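Asker: First the structure, then my questions, so here it is.
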Amino acid sequence: MKQSIIFLTLLFTLIFSVSFAQTEAVEHPLPMEGKDCAVCHAPGSTEEIPADPTAYQEWADSMHGLNSVKCVTCHGEESTFKADSNINICLSCHPTETTVINRKTESADYGLVCSACHKVHSFTVTKEAKPVHTK
Amino acid sequence: MDISRRNLIKTSLAASAAAAAGITLGCKKKETAQAPAEQAPASTAQAVSTQEVDKWVKGVCRMCGTGCSIYVGVKNGKMVAIKGNVDSKTNTRGFLCIKGMNIWKVAYHPDRLTTPLIRKNGKLEPASWDEALTLIETKFKEFHKKYGYDSVAYYGSGQCTTEESYTFNKIWKGGFGSNMMDGNPRLCMASAVAGYLSSLGSDEPAGAYEDIEKAKCIFLTGSNTSEAHPILFRRIARYKKENPDVKIIVCEPRKTQTSNIADLWMPSLPGTDLAIFNGMAREIIKNNWHDKEFISKHARFTSGDGSKASSFDEYIKFIDKYTPEYVEKVTGCPAASVKQAAEWFAKSGATMSLWCMGLNQRSNGVWANNLIHNLHVITGNFGKPGADSFSLTGQPNACGGVRETGSLSHLLPGCKPVAVEPWRKHVESYWKVAEHCINPTKAINPKPGFPAVKLFSILGGENEKDKPVKAIIISTTNPAQSLPNLNKFIPNMKNAFTVVIDIFPTRTAQLASVVLPAAFLYEKGGVYGCSERRSFLTQKAVEAPAGTKPDLWIACQIAKRMGLEKYIAWSNEEDIVKMAEMAWNDYIGCTANSEKTLAGATYKRLKESTTGVQWPCPSEDHPGTYKRYVRGMDPIFDNPAKYGLKIPADADMYFYGRPDGKVNVFMRDAEPKASEKISKEYPFLMTTGRVIEQWHTGTMTMRIPETASAHPNSYIEIHVNDAKKLGLTQGDMVRVESVRGVNILPVKIVNMTLEGVCFIPMHDQKGSRMVNFICSDVVDATSGEPDYKVSAVKITKVSGPEKVDDRYVVTKEELDNPTFS
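Protein chains in written order, with my numbering: chain D, 129 to 263; chain W, 71 to 891.
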C-alpha cells in the first residue's frame with residue numbers, strides 16, 4: 129500500500145510537471161515594445177539581440193509558415209505569451225488528431241503533447257507519430 | 071484507497087490546467103509607452119482542455135465567407151473554446167484560422183454594449199428598450215407620413231443571419247412598399263452578382279469548393295487568398311503539395327503569400343487586369359486551344375454593351391488588339407506570362423478560377439467578372455469536375471443572407487430583380503402584400519431602390535431638401551468606416567435619424583441617434599450561407615448578456631409597432647430559436663419554386679446536419695447540389711416547369727437562367743475608363759485589402775489580444791525603389807493624400823509590390839489611419855460597387871518612425887465625441 133502511494137505520488141508529480149511545462153505562461157524574455165515577432169526572430173534581423181533565426185526559418189518553411197499560422201497563434205501575444213504551446217491550441221485547428229490524442233492521454237497510454245512527434249518548428253510528421261492517431 | 075489510475079491522471083490534467091490559468095493571470099505586465107486597448111479578461115481567454123467543457127455546440131465561423139464549420143465549447147453557460155468540425159466540407163478536417171479559433175472571445179469583451187442608447191442634447195444616454203423602440207416607431211411613422219415610404223431606409227449586412235435579413239427585407243419591400251434598403255454586400259460582391267446574372271443568367275457559382283481538389287489548373291486572380299480566405303488557401307496549398315503537377319496561376323498587383331504556391335505570378339497594375347483576361351482569350355483562340363464543341367453548344371457572343379448578339383468571328387476580331395505585347399504594355403505583366411497562363415488555363419483539363427474583391431471592387435468590376443466567365447466558356451471549363459468560375463465571398467452570410475434572400479435594393483427573395491413582374495407578383499402573393507402592406511399602393515415597388523453609395527449620399531437631416539432619405543437602420547455593419555470617400559458620407563449619417571444595431575461602439579455608432587445593443591451570433595443562432603451555396607445552422611450556444619437582443623427580435627418589434635404584427639407571423643413568438651425557425655420556413659417556402667430552392671433544408675435537417683446543405687435542394691430526401699447546370703447533378707433538370715424554366719429534353723448541360731440556355735461571352739473593353747488616374751500631383755496607385763489577423767473594420771478582431779497584437783495598426787506598403795526616391799526608411803511616418811482625404815501612416819518598405827503601387831490595409835479604426843477617407847467613391851455603373859482598389863495618391867514624409875501600435879478601438883466614452891484624427 130505504502131509503495132503504491134509513493135508510486136502514485138511520483139507519477140502525479142511527473143505528469144503534473146510535464147503538463148505544467150506545456151501550458152505555462154511566462155514573461156517574454158525581452159520587452160517586445162510593440163514590434164512584430166519577425167523583427168527579432170527572422171533570419172537577417174538587424175536587432176541587437178537576434179533570437180533563434182533557425183526556428184523562424186523552420187517555421188517559414190513549414191505548412192504553418194505557408195499558411196500564415198504565425199507566432200501569436202501558438203505562443204500568444206506579449207501579455208499572454210507562452211514559451212510552449214499546448215494541445216488545446218492545436219485542438220482548434222486539428223480537432224481530429226487532438227481528439228484521438230486526448231483519448232489516448234486519458235487512458236494513459238501516452239503522456240504526449242503534439243510537439244513530441246511533430247517537432248517544432250518544422251512540424252514534420254515522423255513515422256513514429258503515426259500510430260498515435262490510429263483509433 | 072480508491073483512486074484509479076485513470077481518475078488520478080484526469081485530476082492531474084485538470085490541476086495542471088488550473089495552474090496554467092493561474093500563471094496566465096499572474097503574468098507580469100511590462101510598462102508600455104501606450105496602453106493597449108482593453109482586452110478580453112484572461113479568465114475567458116485561457117484555453118481549456120477538451121475534458122472541461124460541458125458541451126460542444128455546432129455552428130459556423132462568424133468571420134469570412136469560407137463558411138468554416140465549428141463547435142463552440144460551453145462551460146457553466148459561457149463560451150470557453152472553439153474547435154473545427156471534422157465532418158466539414160468547407161474547412162475540411164476541421165482546420166481554422168487565427169480569427170476563427172479566437173472569435174468567441176469577443177463576446178466577453180468589456181466594451182460590449184448592453185443597454186439601448188438615445189442621443190439627447192448631443193449625448194447618447196442610456197434608455198430602456200421600450201423607450202428606444204417607441205422613438206424609432208414615432209420617427210418612422212412621422213417620416214412615412216411627411217416624406218413618403220422611401221424616406222426610411224434599412225442597411226443590412228452579410229453578417230446578419232438569413233432569418234434576420236429575410237425578415238427586414240419582407241418588412242421593407244412588402245410591409246412598407248419600399249425598396250429603400252440595401253446591404254454591405256453591395257460594397258464587396260455586387261459585381262460578382264451582376265457578373266453571374268449577365269453571363270450565366272443566375273447568381274452564384276455553378277460548382278463548389280470540392281472542385282479545388284479536382285482541378286488541374288487553379289487561376290487565382292484579384293484575391294490574396296492566403297490572408298482573406300486562409301482556410302481555402304490551406305486546401306489549395308495542401309492539394310498543390312500533394313499534386314505538384316497541378317498548375318497554380320496567381321494574377322495580382324502584389325506578390326503576396328498566395329503566390330508562394332504559384333507556378334506563375336502575373337503582376338498587373340491596379341485596374342488593368344481585364345486586358346490580361348482578353349489577352350489570354352486571344353492566345354487561346356490563336357493557338358487553337360479553345361473548345362469548339364462547348365462554344366457551339368453553350369456560348370452566345372454578345373456586344374460589349376450587351377445590347378445585341380454577335381458572332382465568334384466578331385469576338386476574334388474584338389480581342390485581336392490584346393496581343394501579349396500590348397497586354398504587357400498596359401498591365402506590366404510579361405507577354406510570356408500571358409502566353410503561359412493561356413496555355414495552362416486551356417490545356418490542363420480542368421481549370422478553376424477563384425477571385426474576390428480584387429475584381430469586384432472596381433469601376434469595371436462586372437466586366438472583369440464577365441471576362442473570367444468568357445475564359446471558362448471558350449475553354450469548356452464549366453460543368454465538369456474541377457472546372458468552375460468561382461467567386462469567393464468576403465462575408466459569412468453575404469450569399470445566403472443577402473444575395474439569396476434578395477436583401478438588396480433591386481432584388482427579391484430568390485435573387486430575382488424586383489423589376490421582373492412574374493416573380494414580383496409571386497412574392498406579393500406569397501407574402502399577402504395586398505392584405506398587409508401599410509403603404510396605400512399595397513404592392514411591392516417595381517422600381518429598384520438605391521444601392522449603398524447612392525443611398526448614403528441622399529441620406530440627410532429634415533432641413534436638407536436635396537436628401538430625401540431621412541432615417542436609416544444600420545445593422546451589423548459599420549459604414550462610417552467602410553464606405554469610400556468617408557468625408558462625403560459621415561455628415562449624412564450624423565444629420566439623419568440613424569439607428570445602429572451592433573455589439574460594440576463603432577465609428578457608425580458615434581454618429582447614431584439611437585444605438586441598439588445586439589446579441590452575438592452564438593447567443594442567438596441562425597443560418598449562414600457561404601460562398602459555395604451551402605447553408606449551415608448555427609445553434610444557440612449561450613444566453614445573450616442582459617440588455618442585449620437578437621436582430622431578429624428587434625426586427626419583429628419594429629414590425630409590430632408599425633402595424634405588421636400579422637404580416638410577420640413570428641413577431642409574437644418569444645423564443646428566439648422558434649422565431650428563427652418560423653422565419654426560415656417562411657423564406658424557404660417563398661423561394662421553393664426558384665432555382666435557389668432550399669425547400670429540402672428544413673430546420674430539423676439543418677439541426678441534425680454536420681455539413682449543411684447546398685442549394686438547389688428541392689426536397690428533404692435530396693442530398694443538395696454540388697454542380698449546377700448539369701443533368702443528373704442539378705435537380706432543376708428533373709422538373710424545370712416547376713421553376714418556370716424550359717430545358718430541352720436532350721440537353722445534358724444547360725444554363726437555364728438565360729433565355730437561350732447559353733452563356734454570354736461579352737466583348738468587354740479592358741480600359742478602366744471611370745477609375746481614377748495617376749497624375750503628376752498624385753503619382754501613386756493605391757489599393758486596399760485585408761490582412762489575415764484582422765477582419766473588416768476591426769471592431770471584433772482588434773478586441774482579440776492575439777489578432778490585435780499581430781496587426782495593431784495600419785501602414786502603407788511601398789516598393790523599395792519608390793522609398794528610395796522619396797527618401798524614406800522603414801517605419802518613417804508619411805502623409806498619404808488623395809483629392810478626397812488624408813492618412814498619416816508608418817511606411818513598410820517591401821519588394822513584393824509593383825513600383826508605383828502602394829497598399830494600405832482596411833481594418834484600422836484610428837481616424838488618421840482609416841484608409842477609406844482616401845478611397846475613391848467611383849462605382850461600377852452596373853453593380854454600384856465602389857472602386858476601392860484604384861485610387862491616385864501622393865506620399866510625403868512627415869517624420870521618422872513613431873510608435874503607433876495602439877490597437878485603437880472606439881470606446882463607449884468616445885461615442886459622444888467622434889474625432890476622426
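Positions of the beta carbon are idealized from the N, C-alpha and C atoms, including for glycine.
Computed from a prediction, not measured in an experiment: that's the story for all the values here.
1) If you measure between the beta carbons of W:R877 and W:A778, is that distance less than 8 Å?
2) Note down, in chain order, each residue of its chain lying with its Cβ closer than 7 Å to the Cβ of W:W414, except the 5 sequence neighbours on either side.
3) Mapping the DSSP letters down to three states, classify W:R603 as helix, strand or coil.
4) So if DSSP puts W:C321 in a beta bridge, which residue, or which two residues, is it bridged to?
5) Report yes or no: is there a C-beta of chain W within less than 8 Å of the C-beta of D:G162?
6) Can you name the residues of chain D whose CB is closer than 8 Å to the CB of W:L166?
7) Which complete alpha helix (DSSP H) runs does the segment 404–447 of chain W hold, if anything under 4 residues is left out?
8) At the level of alpha carbons, what is the spacing between W:K486 and W:A264?
9) Ignoring anything shorter than 4 residues or poking outside the segment 329–406 of chain W, list the alpha helix (DSSP H) runs there in chain order.
10) Shortest alpha-carbon distance to W:K362 belongs to which of W:F303, W:D181 and W:T449?
11) Once you ignore the five residues that flank W:W640 on each side, which residues in its own chain have a CB closer than 6 Å to its CB?
12) Got a sec: does the ligand MN put a non-hydrogen atom nearer than 7 Å to the Cβ of W:S366?
13) Are W:N161 and W:T136 touching if we call contact CB-CB under 8 Å?
14) I'd like to know whether the C-beta of D:V248 is nearer than 8 Å to at least one C-beta of chain W.
15) Per the DSSP calculation, W:G59 is bridged to which residue(s)?
16) Which residue marks the beginning of the alpha helix (DSSP H) containing W:H789, and which one marks its end?
17) Closer than 7 Å by beta-carbon distance: list the chain W residues that pair up with D:G204, in chain order.
18) Would you mind telling me which residues of chain D sit closer than 8 Å to W:E896, beta carbon to beta carbon, in chain order?
19) Would you identify the three-state DSSP class for W:V879, choosing helix, strand or coil?
20) What are the partner residues of W:V316, as DSSP defines its beta bridges?
21) Could you name the residues of the same chain whose beta carbon sits closer than 7 Å to that of W:V838, not counting the 5 residues immediately before and after it, in chain order?
22) Rounded to the nearest angstrom, how far is the Cβ of W:D273 from that of W:R473, given a contact under 8 Å?
23) D:Y184 CB to nearest chain W CB: under 8 Å?
24) Taking W:A223 as part of the beta strand (DSSP E), name the residues at either end of that continuous run.
25) List the residues of chain D that W:F893 touches, going by C-beta distances under 9 Å, in chain order.
26) So is W:N77 buried or exposed if we call it buried at 16+ other beta carbons inside 10 Å?
27) Give the residues of chain W in contact with D:V241, contact being defined as C-beta atoms less than 8 Å apart.
28) Taking 8 Å as the cut-off, decide whether the C-beta atoms of W:T608 and W:G129 are in contact.
29) Is W:G154 near D:C202, with beta carbons less than 8 Å apart?
30) Taking only runs of the alpha helix (DSSP H) that begin and end inside the segment 733–784 of chain W, which ones reach a length of at least 4 residues, in chain order?
31) Spell out the partners DSSP gives W:M803 in its beta bridges.
32) Name the residue from W:Y309, W:N254 and W:N294 whose alpha carbon lies nearest to the alpha carbon of W:D281.
33) Looking at C-alpha atoms only, which residue of W:V820, W:K125, W:A588 and W:M251 is the closest neighbour of W:P521?
34) Determine, for D:T208, whether the minimum Cβ-Cβ distance to residues of chain W falls below 8 Å.
35) Check each residue of the segment 651–681 of chain W: if its Cβ is closer than 9 Å to any Cβ of chain D, include it; give the result in chain order.
36) Just the chain D side, please: which residues come within less than 7 Å of W:R163 by C-beta, in chain order?
Answerer: In terms of the structure at hand:
1) With contacts defined by Cβ atoms closer than 8 Å, W:R877 and W:A778 form a contacting pair.
2) Apart from the 5 residues on each side of it in sequence, W:W414 sits with its Cβ closer than 7 Å to the Cβ of C287, K317 and I319 in its chain, given in chain order.
3) Here W:R603 sits in coil by DSSP.
4) Its beta-bridge partners are W:T291 and W:M336.
5) Yes, D:G162 lies at the interface with chain W (some Cβ there is under 8 Å from its Cβ).
6) At a beta-carbon threshold of 8 Å, the residues of chain D lying near W:L166 are S220 and C221, ordered along the chain.
7) Whole alpha helix (DSSP H) segments, 4+ residues: 405–417 and 427–430.
8) Rounded to the nearest angstrom, the two C-alpha atoms are 11 Å apart.
9) The DSSP assignment places complete alpha helix (DSSP H) segments of no fewer than 4 residues inside the segment 329–406 of chain W at 343–356, 362–368, 382–389 and 394–401, in order along the chain.
10) The option with the nearest alpha carbon to W:K362 is W:T449.
11) Around W:W640, the same chain offers M649, M652 and A653 as residues with beta carbons nearer than 6 Å, after the five sequence neighbours per side are excluded.
12) Judged by which ligands are present, the structure shown has none, so any question about the ligand MN falls away.
13) Contact: yes.
14) It does not; no Cβ of chain W falls within 8 Å.
15) Because chain W spans 71 through 891 in this model, residue 59 of chain W falls outside it and cannot be assessed.
16) Here W:H789 belongs to no alpha helix (DSSP H); instead the beta strand (DSSP E) covers I786 to H789.
17) Listed along the chain, the chain W residues whose CB falls inside 7 Å of the CB of D:G204 are E776.
18) Because chain W is modelled from 71 through 891, residue 896 of chain W falls outside the range shown and cannot be assessed.
19) W:V879: coil per DSSP, three-state reduction.
20) In the DSSP output, where bridge partners are listed per residue, W:V316 has none listed.
21) Reading off the sequence shown, one finds Ser at residue 838 of chain W, where the question assumed Val. Same-chain partners within the cutoff: N813, I814 and S891.
22) Between W:R473 and W:D273 the Cβ distance is about 6 Å, and since that is below 8 Å, they are a contact.
23) At least 8 Å separates the CB of D:Y184 from every CB of chain W.
24) From DSSP, the beta strand (DSSP E) with W:A223 extends over V222 to G226.
25) Since the displayed chain W opens at 71 and closes at 891, residue 893 of chain W lies outside it and no answer follows.
26) A caution first: W:N77 carries a pLDDT of 37, below 50, which makes its placement in the model unreliable, though a value can still be read off. So W:N77 counts as exposed.
27) Result: empty, since nearest Cβ-Cβ is about 12 Å, beyond 8 Å.
28) With respect to W:G129, W:T608 sits close: the two C-beta atoms are nearer than 8 Å.
29) Pairing W:G154 with D:C202 gives a Cβ-Cβ distance that is not under 8 Å.
30) Uninterrupted alpha helix (DSSP H) stretches at least 4 residues long and entirely within the segment 733–784 of chain W occur at 775–780, given in chain order.
31) Beta-bridge pairing links W:M803 to W:P816 and W:S869.
32) Comparing alpha carbon positions, the residue from W:Y309, W:N254 and W:N294 closest to W:D281 is W:Y309.
33) Residue W:M251 is the option with its Cα nearest to W:P521.
34) Closer than 8 Å to some Cβ of chain W, the Cβ of D:T208 qualifies, so yes.
35) Cβ contacts with chain D: none found.
36) What W:R163 touches in chain D: T224.
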